[in-house]
Structures are given as structure tokens and as C-alpha cells.
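A.B. asks: One structure, pasted below without further comment.
There are 2 protein chains.
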Amino acid sequence: MRVLGVDPGLTRCGLGVVDGGVGRTVRCVAVDVVRTPVDATLANRLLKISDAVEEWLDRYRPEAVAVERVFSQHNVRTVMGTAQAGGVVALSAARRGLPVVFHTPSEMKAAVTGSGRADKAQVTDMVTRLLGLAEAPSPADAADALGLAICHLWREPMRARLAEAEARAAELAKKHRARLAAAAKAAKAKGAAR
Amino acid sequence: MRVLGVDPGLTRCGLGVVDGGVGRTVRCVAVDVVRTPVDATLANRLLKISDAVEEWLDRYRPEAVAVERVFSQHNVRTVMGTAQAGGVVALSAARRGLPVVFHTPSEMKAAVTGSGRADKAQVTDMVTRLLGLAEAPSPADAADALGLAICHLWREPMRARLAEAEARAAELAKKHRARLAAAAKAAKAKGAAR
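As C-alpha cells, then:
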């Protein structure tokens, strides 16, 4: 399975494509950072990011897109731009019918380093090692994008199995409730017949 | 001039097209609210909003798009969705080379009612009167979208004149600095020649 990981941002937007192989093997297909000028309008910055993502989706044809889920941080202005960048990425994926999953930074860090509180250097280090890269991806946004793709490859099968188990449990519960209702109805009918 | 006003949101996204005439006359061309299901994925909700906006841009051919600028509110989750919806709207406009301007809720309220602190009922009331509508637009998101378009029509000429005046002032200041520098250089040369 091939995944495009995206660390959204207006100033720097990290893009990384990773192929998942047998077991937990992963291979880096491409990694880059899209930059947009601070003095451009918001609309034109979003357009530049959208164009880059469209080009990557055309060129690398991933089967899924993993985007970092933005949380409220210190700077509200930055968060808004990040959310908007993530939004246009999700839009491009949805237009092609590709699944888009948002992973939190801690989910990504936990998947890649084993700790949800790992720092940037640890994430970059583990991503470099896991993908067997000759050089550490730089800046951090590039490493994060690859980390998100890896996180998705490793978490998705578990998430899918969990969702399936939950659906099965819900079905069993529904059947159980139906049986209870039928039994209650039968008991009531018996009582009325007496 | 024709403006598309957008009150962005995932659950309800208000869209309103207004034509500006001579002086402060305004005319409502179209108004509606796009709704997306709460249980749909974020990507698919953004796609639905984007599709609706694309259709409106095709059908009504506005010359500018006015979007409500989102501020940090109480619910961070809602703010993110609103920012993302606004982002995909800005993207559609940018793809067509249309100017996108973000107005704050208080700018819109001040333009429409005269007070930046007007409540929803006052905004709806004034929008209904200004556009001479037989019925008040409902829900509030529809009225807000029309209010944003009106705000843009009335503020934009002033904003453009201000920007022009600022550019002229900057040009004068630059010339003045050049004259000062030339005078200083001449004085220095005169001193050296003595």
C-alpha cells in the first residue's frame, strides 16, 4: 500500500510518499516541502499548496492520504492557516475518492518512535532509520510527513480490524436486544391468554 | 459589481450573491445554505461545500468573493471546521483568479447595522431591509452571507482608495528620502572640494 503523508502548513507544507511492504517494512518513494511566500494572499497560498498536492497525487498515485490533525496551539493565526492547508489537501484527496485519515502528532510519534512525547530530533532520527535513508530528511516538516505516512501504514490495519470488531459487536448486541424483546412479547401474550 | 458572500461552516455554509448599484443600492441575486451531514468524513464535507461553491461561481459569475474571517471561539473543533470550509472556498475563488477578501464579523455588522456589536436578529433585520426582501433570510447563516457581500461592496472602494493613498504616500516618502540623500551627498562633496 502506498500512502501520501502531509504535514500541513502555509509557510512549509511537508509531503512524503511511503510504500508499505511485508510486515513492517517501509520504503520512501518521495519527500519534499512546499513553501509559499508569506506576503502572498491566503487564497494564493492555499492554491499553491493545492496545486502541489494535485501534482503529487497524479505522479505518485497513493491509495490513501494521511494528514496531521491540527490542535489548538499557542498561535491561533498559525493554527488557522494550518487547518486551512490541511483542508485543501483533504479536498484534493476526496475529489479522487481517496480515503483521508487525520492522525494526531502524538499518534504519529508513538507509531514511529514508541513514545507520543518524542521530540522532533527523535522523530527525524527514527524516520531516517526506518526508511533506511542515507540522509536525514530536512526540514522537520519533511520528516513529519514521512512519519505520518508510516503511522498510517502501521495503524490502519489495526484500526480497520477494530472497526470490524466493533461492527460485529454492535450486530450481536442488536440481535440480543431483538431476542429479549421477542421473549418479553411472548411472556406478555402468555399472561394475557391466561 | 457582483459579490459572493460566504459564511463558512461544515454543518451550514451560507452563500449569498449581491449586486451593487449606484451609490449604496444593493440587490439580492441568490441566497442559500449548504448543509453537510455530521456523520460524513471531514474530507467529504469539504468536498460537498467546494462543489456547491464551484456551482455558484459558474452560475452567478461574481467578480469577488467575501468570506467571514474566523476567530478563535469557544469550541476549537468548530473553529477548525469553519476555517477549513473557508479555506476551500478561498481556493475555488483563487483557481478562477477572483479576489478573495476576508471580513471579520464586526466589520460586517458595522457595515450593515452601524454597530460592530449588533446581534444576529439586528443583522438579519437590516439585511432584509437593505435588500428589500419580502421575507427575512433564514437561517442566520444565509443573512450573514448576504451581509458579507454587502460589507464587501461598501468597504471595498474605501479600502482600495486607502491602499492607493498609502501607496502614494510611500512613493512621496521615497522621493523625499532620495532628495535628502542627494542633498547630503552634495554637501559632502562640497565639503571635500574645499
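These protein sequences, in sequence, are chains P and Y.
Residue numbering for the first sequence follows this note's numbering, beginning at 2 and increasing consecutively.
Residue numbering for the second sequence follows this note's numbering, beginning at 2 and increasing consecutively.
For glycine and all other residues, C-beta sits at the position ideal for the given N, C-alpha and C.
(1) Pick out whichever of Gly-148(Y), Gln-123(Y), Pro-140(Y) has its Cα sitting closest to the Cα of Thr-105(Y).
(2) Can you list, in chain order, the residues of its chain with a C-beta nearer than 8 Å to that of Arg-195(P)? Leave out the 5 residues immediately preceding and following it.
(3) For chain Y, is any of its Cβ atoms less than 9 Å away from the one on Leu-43(P)?
(4) Helix, strand or coil for Gly-15(P)? Go by DSSP, reduced to three states.
(5) Looking at the structure shown, is Gly-117(Y) part of a helix, part of a strand, or coil, going by DSSP?
(6) Based on the DSSP secondary-structure assignment, which residues constitute the bridge partners of Asp-145(P)?
(7) Whose C-alpha, out of Gly-82(Y), Glu-64(Y), Ala-185(Y), is nearest the C-alpha of Phe-72(Y)?
(8) Inspect the CB distances between the segment 100-115 of chain Y and the segment 132-149 of chain Y and report whether three or more fall short of 8 Å.
(9) Can you tell me where the alpha helix (DSSP H) with Val-80(P) in it begins and where it stops?
(10) Check this for me: beta carbons of Ser-107(P) and Arg-96(P), under 9 Å apart or not?
(11) How long is the line joining the alpha carbons of Met-159(Y) and Pro-140(Y), rounded to whole angstroms?
(12) What residues in the segment 48-74 of chain Y bring their beta carbon closer than 8 Å to a beta carbon of chain P?
(13) Please determine whether the Cβ atom of Ser-93(P) lies at a distance below 8 Å from any heavy atom of the ligand ADP.
(14) Please classify Arg-156(P): does DSSP put it in a helix, a strand, or coil?
(15) Which of helix, strand or coil does DSSP assign to Val-128(P)?
(16) Cα-Cα, which of Gly-192(P), Ala-170(P), Val-66(P), Pro-9(P) is closest to Cys-152(P)?
(17) Of the residues Arg-13(P), Asn-45(P), Leu-47(P), which one's Cα is nearest the Cα of Asp-33(P)?
(18) Let me check understanding here. Comparing Cα to Cα, which of Ala-135(Y), Gly-22(Y), Glu-69(Y) lies closest to Phe-103(Y)?
(19) Hey, is Met-109(P)'s beta-carbon within less than 9 Å of any beta-carbon in chain Y?
(20) Can you give me the start and stop residues for the alpha helix (DSSP H) that Arg-55(P) sits inside?
(21) When DSSP builds the beta bridges, which residues end up paired with Arg-3(Y)?
(22) On a Cα-Cα basis, can you pick out the residue from Gly-133(P), Val-124(P), Glu-136(P), Trp-155(P) that is closest to Asp-142(P)?
(23) Mind checking Leu-181(Y): buried by the 16 CB within 10 Å criterion, or exposed?
(24) In chain Y, which residues lie less than 9 Å from Val-4(P) when you measure between Cβ atoms?
(25) Are the segment 124-137 of chain Y and the segment 16-35 of chain Y touching, with three or more C-beta to C-beta distances below 8 Å?
(26) Find the nearest neighbour of Arg-36(Y) within the set Pro-9(Y), Leu-58(Y), Asp-20(Y), Arg-62(Y), judged by alpha-carbon distance.
(27) Give the single residue among Lys-175(P), Gly-21(P), Ile-50(P) whose Cα lies nearest to the Cα of Arg-156(P).
(28) Between Val-23(P) and chain Y, is any beta-carbon pair separated by less than 9 Å?
(29) Can you give the beta carbon distance from Val-7(P) to Leu-16(P), rounded, assuming they're within the 8 Å contact cut?
(30) Quick one: residues in its chain with C-beta nearer than 8 Å to the C-beta of Glu-172(P), no 5 flanking neighbours on either side, listed in chain order?
(31) Which partner residues of Asp-8(P) appear in the DSSP bridge assignment?
(32) Give me the Cα-Cα distance between Glu-136(Y) and Gly-87(Y), rounded to the nearest whole angstrom.
(33) Taking only three categories from DSSP, how would you classify Arg-169(P)?
(34) Since I believe Met-2(P) is in contact with Leu-154(P) (beta carbons under 8 Å), could you give me their beta-carbon distance rounded to a whole number of angstroms?
C.D. replies: According to the structure data:
(1) As a working mapping, residue 105(Y) is identified with position 104 in the second sequence. If we check each option's Cα against that of Thr-105(Y), Gly-148(Y) comes out closest.
(2) Position 194 of the first sequence, counted from the first residue, corresponds to residue 195(P). Counting only Cβ-Cβ distances below 8 Å, and skipping sequence neighbours, we find nothing.
(3) Position 42 of the first sequence, counting from 1, holds the residue named residue 43(P). Closer than 9 Å to some Cβ of chain Y, the Cβ of Leu-43(P) qualifies, so yes.
(4) For the purposes of this step, residue 15(P) is identified with residue 14 of the first sequence, where counting begins at 1. If DSSP states are grouped into helix, strand and coil, Gly-15(P) belongs with the strands.
(5) As a working mapping, residue 117(Y) is identified with position 116 in the second sequence. Note: Gly-117(Y) maps to coil in three-state DSSP.
(6) Walking along the first sequence from the start, residue 145(P) turns up at place 144. Looking at the DSSP assignment, Asp-145(P) forms no beta bridge with any residue, so it has no partner.
(7) Indexing the second sequence from 1 puts residue 72(Y) at position 71. For the set Gly-82(Y), Glu-64(Y), Ala-185(Y), the Cα lying nearest the Cα of Phe-72(Y) is the one of Gly-82(Y).
(8) yes
(9) By 1-based counting over the first sequence, the position of residue 80(P) is 79. Val-80(P) -> alpha helix (DSSP H) spans 77-96.
(10) In the first sequence, counting from the first residue as 1, residue 107(P) sits at position 106. In the first sequence, counting from the first residue as 1, residue 96(P) sits at position 95. Cβ atoms of Ser-107(P) and Arg-96(P): not closer than 9 Å.
(11) Counting from 1 along the second sequence, the entry for residue 159(Y) is found at position 158. Counting from 1 along the second sequence, the entry for residue 140(Y) is found at position 139. When rounded, the distance between both Cα atoms is 30 Å.
(12) Leu-48, Ser-51, Val-71, Phe-72, Ser-73
(13) Only the bare structure without any ligand can be found here, which leaves the ligand ADP out of the picture.
(14) Translated into positions along the first sequence, residue 156(P) becomes position 155. Looking at Arg-156(P) - three-state DSSP - the assignment turns out to be helix.
(15) By one-based count along the first sequence, residue 128(P) stands at place 127. In the three-state scheme derived from DSSP, where H, G and I count as helix and E and B as strand, Val-128(P) is classed as helix.
(16) What you label residue 152(P) is simply residue 151 of the first sequence in a count that begins at 1. When only C-alpha atoms are compared, the closest one is Val-66(P).
(17) Taking the first residue of the first sequence as position 1, residue 33(P) is located at position 32. Considering only alpha carbons, the answer is Arg-13(P).
(18) The residue given as residue 103(Y) occupies position 102 in the second sequence. The shortest Cα separation from Phe-103(Y) among Ala-135(Y), Gly-22(Y), Glu-69(Y) belongs to Glu-69(Y).
(19) Here the question's residue 109(P) lines up with position 108 in the first sequence. No, Met-109(P) does not count as interfacial toward chain Y.
(20) By one-based count along the first sequence, residue 55(P) stands at place 54. According to the sequence provided, residue 55(P) is Glu. The question's Arg does not apply to it. Residues 43-61.
(21) Along the second sequence, one-based indexing puts residue 3(Y) at 2. Answer is Asp-20(Y).
(22) On the first sequence, position 141 is the one that residue 142(P) refers to. Of the listed residues, the one whose Cα sits closest to Asp-142(P) is Val-124(P).
(23) Stepping through the second sequence from its first residue, residue 181(Y) is reached at position 180. Exposed, by the Cβ-count rule.
(24) As a working mapping, residue 4(P) is identified with position 3 in the first sequence. Residues of chain Y passing the Cβ test: none, with the nearest at roughly 15 Å.
(25) yes
(26) Reading the second sequence from its first residue, position 35 is the one you call residue 36(Y). The closest CA to that of Arg-36(Y), considering only Pro-9(Y), Leu-58(Y), Asp-20(Y), Arg-62(Y), is found on Pro-9(Y).
(27) In the first sequence, counting from the first residue as 1, residue 156(P) sits at position 155. Answer by Cα proximity: Gly-21(P).
(28) Here residue 23(P) refers to the residue found at position 22 of the first sequence. Chain Y contact via Cβ: absent.
(29) Against the first sequence, residue 7(P) aligns to sequence position 6. Against the first sequence, residue 16(P) aligns to sequence position 15. Correct: roughly 6 Å between the Cβ atoms.
(30) Indexing the first sequence from 1 puts residue 172(P) at position 171. Around Glu-172(P): no qualifying Cβ.
(31) Walking along the first sequence from the start, residue 8(P) turns up at place 7. Paired residue(s): Gly-15(P).
(32) Position 135 of the second sequence, counting from 1, holds the residue named residue 136(Y). Position 86 of the second sequence, counting from 1, holds the residue named residue 87(Y). Roughly 27 Å separates the two Cα atoms.
(33) Locating residue 169(P) in the first sequence gives position 168, counting from the first residue. Residue state, collapsed to three classes: helix.
(34) One-based indexing of the first sequence puts residue 154(P) at position 153. One-based indexing of the first sequence puts residue 2(P) at position 1. Contact flag correct, Cβ pair sits at about 6 Å.
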